[in-house]
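Line by line, the protein sequences are chains E and C. The first sequence begins at 13 in the working numbering and counts up by one. The second sequence begins at 28 in the working numbering and counts up by one. So the structure is just underneath, and the comments pick up after that.
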Amino acid sequence: MADTSMLVRHPLEARRTQLTELSAELDGVALELETPVAAVDLRLDPADPGPAAVADVAGGPLPAQPDTWTELVAGQALRLGPDEWLLTSTAARPEDWEFGLDEAAAEFGGTAVDVSAQRTTVRVRGASARRLLASGCAIDLRPASFPRGRCAQTLLGQAGVLLVAHGVDTRGDDDLQLFVRPSFAGYVVDWLVDAAQEFRRPT
Amino acid sequence: MQLIACPWCGQREEIEFSYGGQAAVAYPADPASLSDEQWARFVFFRDNPKGPFAERWVHSAGCRRWFGAVRDTRTYEFLSVGPLSATTARPSVLPEATP
């Protein structure tokens, strides 16, 4: 098969410099594009033993609770619904990631489909990250109700996003990851850039 | 904005949901035997109660799951939410469909 690895680029590659320059002028917010990863949408009966068997292949436990995510060896497992997970991998090739998981899931009547091109990722970091997102997102983003390990599919502005809470580090700096469909990514970045204006450092 | 309790995601804004009409409208057992009027009754006619109404909703901007809800049509208050199967108890829409 032809080597397609050279073709994988972030749909917002053209905005990377703009975001880096803007982040330097902001106080407590940094916007950053993430490297595309292999992602698989897993549909599987949540009753035992399916999830445990897939977890062996995925390299980490699948999240058991609604709207939570767990860390895999090289990636994430996000629970999207009662019988739906999104499994990402930074190490595997998308085809291999899909094949391995599908093989494990098929045994229990499940399926795994490569959705690497379905979503793209923007990282929002900094002490004001949650305040920035809260201005366009209705769910309670305070650390107490949206701590590390939570994720939520919701609306940011007018676009559907998958919000993922990463660490709240010792200085209270937040780290949130935003999965968005590539066709909405331009809108979401426009929205973030606009919303970030109020966090500009006073000159 | 009104919050709707998705059985999976919890309380979310109403804008994330889509309406699916009356719950548990049974598909006719033998569609071919229906008269046009009976078929139209199945396709178009729905209850319109003043008070609690069993409906289908989908959390389209969230988990994308369908669920059943009982909503008071006078106050828009959601009285209960649950899996679709739990809201199937309603009289048939086709009382005169029996041959």
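The beta-carbon is built from N, C-alpha and C at its ideal position, and this holds for glycine as well.
Spatial neighbours of residue i in its chain, beta-carbon cut-off 7 Å, leaving aside the 5 residues before and after
i	result
E/Gly40	Gly138, Ala139, Ser140, Phe211
C/Glu40	Met28, Leu30
E/Ala70	Leu84, Ala89, Leu99, Leu113
C/Phe44	Ile31, Trp84, Val85, His86, Ser87
E/Thr123	Arg55, Asp114, Ala117
E/Leu63	Looking at the sequence itself, residue 63 of chain E is Pro, so the reference to Leu does not match. Taken in chain order, the residues that qualify are Leu56, Leu74.
E/Phe120	Leu56, Asp57, Gly62, Ala65
E/Glu80	According to the sequence shown, residue 80 of chain E is Thr rather than Glu. Correct list, in chain order: Arg91, Gly161, Arg162, Cys163.
C/Ala124	Because the pLDDT of C/Ala124 is 40, which lies under 50, any placement of that residue in the model is unreliable, and the number read from its coordinates should be weighed accordingly. Excluding sequence neighbours, C/Ala124 sits near Pro55, Leu61, Gln65.
E/Ala103	Ala86
Inter-residue Cα distance where the pair is residue i and residue j
i	j	result
E/Arg105	E/Ala50	6 Å
C/Pro76	C/Thr100	7 Å
C/Tyr54	E/Ala164	35 Å
E/His22	E/Leu190	14 Å
C/Pro79	E/Arg135	44 Å
E/Leu167	E/Arg193	12 Å
E/Pro48	C/Ala50	41 Å
E/Pro214	E/Ile151	29 Å
E/Leu174	C/Pro110	24 Å
C/Phe94	C/Ser62	32 Å
E/Pro73	E/Ala197	30 Å
E/Val205	E/Val20	24 Å
E/Thr82	E/Val176	11 Å
E/Gly179	E/Asp187	6 Å
C/Val108	E/Asp53	27 Å
C/Ile42	E/Pro94	21 Å
C/Val97	E/Gly169	29 Å
C/Tyr103	C/Tyr46	13 Å
C/Asp57	E/Glu25	57 Å
E/Thr29	E/Glu37	13 Å
C/Phe71	E/Gln130	37 Å
DSSP bridge partner residues for residue i (one or two, in chain order)
i	result
C/Glu40	C/Leu30
C/Val97	C/Ala81, C/Ser107
C/Tyr46	C/Trp84
E/Trp109	Bridge partners of E/Trp109: none, in fact.
E/Gly62	In DSSP, E/Gly62 forms no bridge with anything.
E/Gly121	Answer is none; E/Gly121 lacks a bridge partner.
E/Thr215	Bridge partners of E/Thr215: none, in fact.
E/Ser35	The partner list for E/Ser35 (beta bridge, DSSP) is empty, contrary to what the question assumes.
E/Glu96	E/Arg55, E/Gly93
E/Arg137	E/Ala42, E/Asp187
Chain-order list of residues whose beta-carbon lies under 6 Å from that of residue i (same chain, five-residue window excluded)
i	result
E/Ser101	Ala50, Ala86, Gly87, Trp109
E/Gln77	none
E/Thr142	Going by the sequence as given, residue 142 of chain E is Arg instead of Thr. These residues qualify, in order along the chain: Leu153, Asp186.
E/Ser35	Ala42, Leu43
E/Ser128	Ala50, Ala51, Pro106
From the options, residue whose alpha carbon lies closest to that of residue i
i	options	result
E/Phe111	E/Leu38, E/Ala67, E/Leu188, E/Asp126	E/Asp126
E/Glu171	E/Ala177, E/Trp203, E/His178	The sequence shown places Ala at residue 171 of chain E, rather than the Glu named in the question. If we check each option's Cα against that of E/Ala171, E/Trp203 comes out closest.
C/Trp35	E/Ala129, E/Leu188, E/Ala208, E/Glu96	E/Glu96
E/Val200	E/Thr132, E/Arg143, E/Ser128	E/Thr132
E/Gly148	E/Leu38, E/Arg28, E/Ala208	E/Ala208
Residues near residue i in its chain [Cβ-Cβ closer than 8 Å; skip 5 each side]
i	result
E/Ala146	Leu153
C/Gly48	Arg73, Glu82, Arg83
C/Gln38	Leu30, Ile31, Ala32
C/Arg92	Cys33, Pro34, Trp35, Val85, His86
E/Thr32	Glu44
beta-carbon residue i near the ligand COA non-hydrogen atom, thresh 7 Å
i	result
E/Gly172	By its list of ligands, the structure shown contains no ligand whatsoever, and the ligand COA lies outside what it can speak to.
Interface residues of chain B facing residue i [CB-CB closer than 9 Å]
i	result
E/Thr166	Protein chains E and C are contained in the structure displayed, whereas chain B is not.
Can you confirm whether the stretch 138-158 of chain E touches the stretch 57-77 of chain E when touching is taken to mean that 3 or more C-beta pairs between the two stretches lie within less than 8 Å? Here the stretch 57-77 of chain E does not lie against the stretch 138-158 of chain E, with fewer than 3 beta-carbon pairs under 8 Å apart.
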